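S.K.: Protein chains in written order, with the numbering used here: chain A, 135 to 606; chain B, -14 to 233.
C-beta atoms are modelled at their ideal positions from N, C-alpha and C, and glycine is treated no differently.
Predicted model only: the values in this text are computed from it and were never measured.
1. With 8 Å as the threshold, decide whether the Cβ of residue 261 of chain B is near any Cβ in chain A.
2. Is the shortest distance between the beta-carbon of residue 571 of chain A and the beta-carbons of chain B less than 8 Å?
3. Short of 8 Å in beta carbon distance, which residues of its chain neighbour residue 2 of chain B, apart from the five on each side in sequence? Order them along the chain.
4. Please decide whether residue 489 of chain A counts as near chain B, where near means a Cβ-Cβ distance under 8 Å.
5. Count the other CB atoms within 10 Å of the CB of residue 328 of chain A; is the residue buried (16 or more) or exposed (fewer)?
6. To the nearest angstrom, report how far apart residue 496 of chain A and residue 586 of chain A are at their CA atoms.
7. Any contact of the segment 468 to 481 of chain A with the segment 537 to 550 of chain A, i.e. 3+ C-beta pairs under 8 Å?
8. Along chain B, in chain order, which residues have C-beta atoms closer than 7 Å to that of residue 406 of chain A?
9. One question on the structure: do residue 151 of chain A and residue 303 of chain A come within less than 8 Å of each other, judged by their Cβ atoms?
10. Excluding sequence positions up to five away, which residues of its chain have a Cβ less than 7 Å from the Cβ of residue 576 of chain A?
11. Within the 8 Å Cβ cut-off, does residue 431 of chain A reach chain B?
12. Listed from N- to C-terminal order along the chain, which residues in the segment 392 to 420 of chain A have their beta-carbon within a distance smaller than 7 Å of any beta-carbon of chain B?
13. Let me check one thing: in DSSP terms, what residues is residue 203 of chain A bridge-paired to?
14. Secondary structure at residue 662 of chain A, three-state DSSP: helix, strand or coil?
15. Going along chain A, which residues have a C-beta under 8 Å from residue 1 of chain B?
16. Taking 8 Å as the cut-off, does the segment 170 to 178 of chain A touch the segment 275 to 293 of chain A (at least 3 CB pairs, one atom from each stretch)?
17. Strictly under 8 Å for the Cβ-Cβ distance: is residue 86 of chain B near chain A by that measure?
18. Taking only the alpha-carbon atoms, compute the straight-line gap between residue 17 of chain B and residue 59 of chain B and give it to the nearest angstrom.
19. Give a yes or no on whether the minimum CB-CB distance between residue 389 of chain A and chain B is below 8 Å.
20. Got a sec: is the Cβ-Cβ distance from residue 10 of chain B to anything in chain A below 8 Å?
21. Residues of chain B with CB closer than 7 Å to the CB of residue 451 of chain A, please, in chain order.
22. Kindly confirm or deny that the segment 137 to 148 of chain B and the segment 93 to 100 of chain B touch, where touching means at least three C-beta pairs closer than 8 Å.
23. Let me confirm a value: residue 574 of chain A is counted as buried when at least 16 other C-beta atoms fall within 10 Å, else exposed. Which label applies?
24. Counting only beta-carbon separations shorter than 8 Å, does residue 211 of chain B have a partner in chain A?
25. Could you name the residues of chain A that residue 95 of chain B contacts, counting a contact when the two beta carbons are closer than 7 Å?
26. In the DSSP assignment, what residue or residues form a beta bridge with residue 456 of chain A?
27. If residue 395 of chain A and residue 93 of chain B are in contact, beta carbons under 8 Å, what's the gap, nearest whole angstrom?
28. Within 10 angstroms of its Cβ, does residue 502 of chain A collect 16 or more other Cβ (buried), or is it exposed?
29. If contact means a Cβ-Cβ distance below 7 Å, which residues of the segment 487 to 516 of chain A contact chain B?
30. Who are the neighbours of residue 4 of chain B on chain A, taking C-beta pairs under 8 Å?
31. Is there at least one Cβ from chain A nearer than 8 Å to residue 71 of chain B's Cβ?
32. Relative to the C-alpha of residue 282 of chain A, which residue among A:240, A:438, A:216 is closest?
33. Among B:105, B:158, B:132, whose alpha-carbon lies nearest the alpha-carbon of residue 148 of chain B?
34. So with Cβ pairs under 8 Å, would you call residue 68 of chain B a contact of chain A?
35. State the DSSP-derived secondary structure class of residue 611 of chain A, mapped to helix, strand or coil.
36. Helix or strand or just coil, what does DSSP make of residue 159 of chain A?
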C-alpha cells in the first residue's frame, strides 16, 4: 500500500511536471528559435560567416554567442549547411561535449521541408525518434540566404528541466514517504491506544456479563476514550446499583413475607386438620388453601436461599465428608418418592472412597435436588448416580433416561423459574428454583454443575468438584 | 407443669398479633394454657406473675431483642425458653442457645412440630431436674473426679476446664459438649445425636450449629485448632474424643 502510494506519487508528479514544465519550455523554445532563425537569415555578418565557411575560431565563437543570444540560454549547439556544399558545420560552446554528429535522418528532414514554410515554422525534429540523446530538443529550419538554401538545426538542452522534473518527482516521492512514515507511526499510536481501550472495554464488559462490577477502566487524557471510560464506569455503577436494589427488594420482600406466612400456615393447617367438622362443600377449598400455602412456603424458602447466595452471605461449614456414603444416604432418604415414581436409583462407584471437604448440608442438598429432579424426569426408567474422577475433578454424574432436554434449553435449565415442562408432576421442589440453588451450591464449593442431554435419550447432570477439596 | 394434672402454661412473647392468635388457638387446642405479651417490656414485667412452664420467645421484638429478654430472664429463672423466630442464621441460633435458650425454632413452623418440641423441651428439663439439677448428669462416672484429656483438665462439679493451669472460658453448651465426649470416650456421636443431646434440638436441625460450636471449642482447647487432637472429626459420621481420658 505504502509502496504503491510512493510509486504513484512519483509517476504522477513526474507525468504532471513533464507535461506542464517540458511542454511550456518546448513552446518557449519554439518561439525563441523562430525568432532566432529569422534573425540569422537577416544578419549579414552571420550569413557571411556561414557562407564563407570560415575556420577562424573566434569568428565561430562570436557567431555561436550571437546565435545563443538570439535563441535563449539553453541553446547549446548550432548545425548548419547549405544545399550546395552539403557539408555539416557546427557551432558549439567551447569545452563542451556537444560536438555530436548530427544524424542524417534529421538533416534530411530539414532538407525536405517545404519551401513555403521557410523561416516561419521551425519543427521539432526528434519528437518521434531518438537518434540524438533524449534530453536535447532539436529544432530545424531552412533559410533562403542570398538565393542559397541553408539548413539550420538548433540544439536545445533540456537537461535542467528534466532534472527539475526528476528532482521534483523525487521530492514528491520523499514527501509521500515521509507522510506515510508519519502516518504509520501515528497510526501505530492511535491503534495502540484504541486497541488498549478496546481491550480494556472488552475485559470490563465481559466482567459485567459475569456479574462483576469492580472492573473499572482507567484511561488518562481528555479525549473521547477517557470520556468513554468514565461513562462505562458510571454505567457499571448504575447497573450494579440497580441489581443490588433488585436483590435487596427480593430479599426484603421474602423476609417480610415470612411473618404472615407463619400465621397463614398455622391457620390453614388448623382448618385442614378440622376438616371433618366442616361441611363437605368447603373441603376442596380447604385442600387448595392447604396445598397452595405449603407451595408458597416452599417458594419463599427457595427465594430466601437465592437471596442469601445473591448477597454472598453464604458461609460454608466444610468438613471431611465421605461422598460415597453421602450419596447412599441421600438415596435412602428419597426411597419413598423413588418408589412412587416407579423407578430405582443405582449407585455406581469404584472401590475408592471419595472423601472431600464440603459443607455436609449443602452437599446433601445438591445431590438430593439432582436426584429428585432425575426421578421426576425418569419416566420410570432407572436413575444412575456415578462417582468418578478425571485429572482435576471428582465427578458426580446423575443420569436419567427420560425425555431429555432440547439443545436450546440446556443452558436455561439453571435459570430462575425456568420450567422445561410445567405440566409435569413434581415431587420435591417444583418451585422453579431448585436447579438454580443447586448450581449456586456447587459453585460455592468451587465446583461446576453442567448438563449434557440428548432429546429422547435422557440427561446427565455433572457436578465437578476440584480435587483440591479431596481429603487424603 | 407443677405436677402431672395441671395444664402446661405457655407464655408467648411476640409482636405478630395474628401469629400470636394462631399460636394461642393451636396450643389451647393441644391442651395448654396460654398467656401473651406483644413486646419485650410487658413480657419481662408480666413474666413472674404469670409464672409459665415455658416461654415462646420471638427475636425481633419492639424495645429489646429476644436474646436480651432471654438473658434477663435467665438471671432470675431457669424456666424453659424456646426461641421462635424468622431468623435462621446459625450464628444467631448459637448465640441464643448459649444465652440459655432450650430450643431454637424458625418460622414458619407447623403446629404439630411446635407442640412436639414444647413437650420434648419440658420433658428433658424435668428429667434433668429430677436427676440432680445439673444440666449434664453422669450415670457411670464419679462426679467428684477430675479428668485429664491431653493437657486439658476438666472439673465437672465446678464446670470449669484448665489448660496449662489457665482457666478456659467455656460456655455452658461448650462444656456440655466436651463432657459428653469425655463420658463416652469409647464412641463417636453423630450430628443428629449431638443436636438432641447437647442442643435439645430436633435431629433435622441445621447441623451447622455443631460446626460452629466444635470450631469454638477447638479454638479454646486445642494446641492447633486446624489439626485437632482432642475433638476429632470422624469422617462422614460425626465427632469423638481423640485422646485417652485420664483421672486427674
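M.R.: Once the coordinates are examined:
1. Within the shown structure, residues of chain B are numbered from -14 to 233, placing residue 261 of chain B beyond reach of any answer.
2. Taking the first residue of the first chain as 1, we reach residue 571 of chain A at position 437. By this cut-off, residue 571 of chain A is not an interface position.
3. In the second chain, counting from the first residue as 1, residue 2 of chain B sits at position 17. Contacts found: 23.
4. Position 355 of the first chain, counting from 1, holds the residue named residue 489 of chain A. Yes, its Cβ sits closer than 8 Å to a Cβ of chain B.
5. Translated into the one-based positions of the first chain, residue 328 of chain A becomes position 194. Residue 328 of chain A is exposed by the Cβ-count criterion.
6. Here residue 496 of chain A refers to the residue found at position 362 when the first chain is read from its first residue. Here residue 586 of chain A refers to the residue found at position 452 when the first chain is read from its first residue. Going by the C-alpha atoms only, they are around 23 Å apart.
7. no
8. Walking along the first chain from the start, residue 406 of chain A turns up at place 272. Ordered by position in chain B, no residue passes the 7 Å Cβ test against residue 406 of chain A, which lies about 10 Å from the chain.
9. Sequence index remark: in the first chain, residue 151 of chain A carries index 17 (1-based). Sequence index remark: in the first chain, residue 303 of chain A carries index 169 (1-based). Yes. Within cutoff.
10. Position 442 of the first chain, counted from the start, is the residue given in the question as residue 576 of chain A. Closer than 7 Å at the Cβ level, and outside the excluded window around residue 576 of chain A, lie 500, 582, 583, 597.
11. Your numbering for residue 431 of chain A matches position 297 in the first chain. Closer than 8 Å to some Cβ of chain B, the Cβ of residue 431 of chain A qualifies, so yes.
12. 392, 393, 395, 396, 397, 399, 400, 401, 403, 404
13. Taking the first chain and counting its residues from 1, the one referred to as residue 203 of chain A is at position 69. Per DSSP, none; premise fails for residue 203 of chain A.
14. Because chain A here runs from 135 to 606, residue 662 of chain A falls outside it and cannot be looked at.
15. Translated into the one-based positions of the second chain, residue 1 of chain B becomes position 16. 393, 396, 397, listed in chain order.
16. They touch, by the three-pair rule.
17. Against the second chain, residue 86 of chain B aligns to sequence position 101. Chain A, which has no Cβ nearer than 8 Å to the Cβ of residue 86 of chain B, makes this no.
18. As a first step, residue 17 of chain B is located in the second chain; it is residue number 32 there, counting from the start. As a first step, residue 59 of chain B is located in the second chain; it is residue number 74 there, counting from the start. Rounded to whole angstroms, residue 17 of chain B and residue 59 of chain B show a C-alpha spacing of 23 Å.
19. Position 255 of the first chain, counted from the first residue, corresponds to residue 389 of chain A. Closer than 8 Å: yes.
20. Your numbering for residue 10 of chain B matches position 25 in the second chain. Yes, its Cβ sits closer than 8 Å to a Cβ of chain A.
21. Stepping through the first chain from its first residue, residue 451 of chain A is reached at position 317. In chain order: 193, 196.
22. no
23. Taking the first chain and counting its residues from 1, the one referred to as residue 574 of chain A is at position 440. So residue 574 of chain A counts as buried.
24. Here the question's residue 211 of chain B lines up with position 226 in the second chain. No, residue 211 of chain B does not count as interfacial toward chain A.
25. Translated into the one-based positions of the second chain, residue 95 of chain B becomes position 110. Going along chain A in sequence order, the residues near residue 95 of chain B (Cβ under 7 Å) are 399, 403.
26. In the first chain, the residue the question calls residue 456 of chain A occupies position 322. Residue 456 of chain A pairs with A:489.
27. Counting from one through the first chain, the residue named residue 395 of chain A turns up at place 261. Counting from one through the second chain, the residue named residue 93 of chain B turns up at place 108. With 8 Å as the limit, residue 395 of chain A and residue 93 of chain B qualify as a contact, their Cβ atoms being about 5 Å apart.
28. Stepping through the first chain from its first residue, residue 502 of chain A is reached at position 368. Looking at its Cβ environment, which holds 16 or more other Cβ atoms inside 10 Å, residue 502 of chain A is buried.
29. Result list: 489, 494, 495.
30. Indexing the second chain from 1 puts residue 4 of chain B at position 19. Within 8 Å Cβ-Cβ: 393, 396, 397, 400.
31. Mapped onto the second chain, residue 71 of chain B falls at position 86. Answer yes: the Cβ-Cβ gap between residue 71 of chain B and chain A drops below 8 Å somewhere.
32. Mapped onto the first chain, residue 282 of chain A falls at position 148. It is A:216 whose Cα lies nearest to the Cα of residue 282 of chain A.
33. The sequence position of residue 148 of chain B within the second chain is 163, counting from 1. The candidate whose alpha carbon is nearest that of residue 148 of chain B is B:132.
34. Within the second chain, numbered from 1, the residue matching residue 68 of chain B stands at position 83. Closer than 8 Å: no.
35. Residue numbering for chain A in the displayed model covers 135 to 606; residue 611 of chain A lies beyond these limits and cannot be assessed.
36. As a working note, residue 159 of chain A is residue 25 in the first chain. Residue 159 of chain A falls in the helix class under three-state DSSP.
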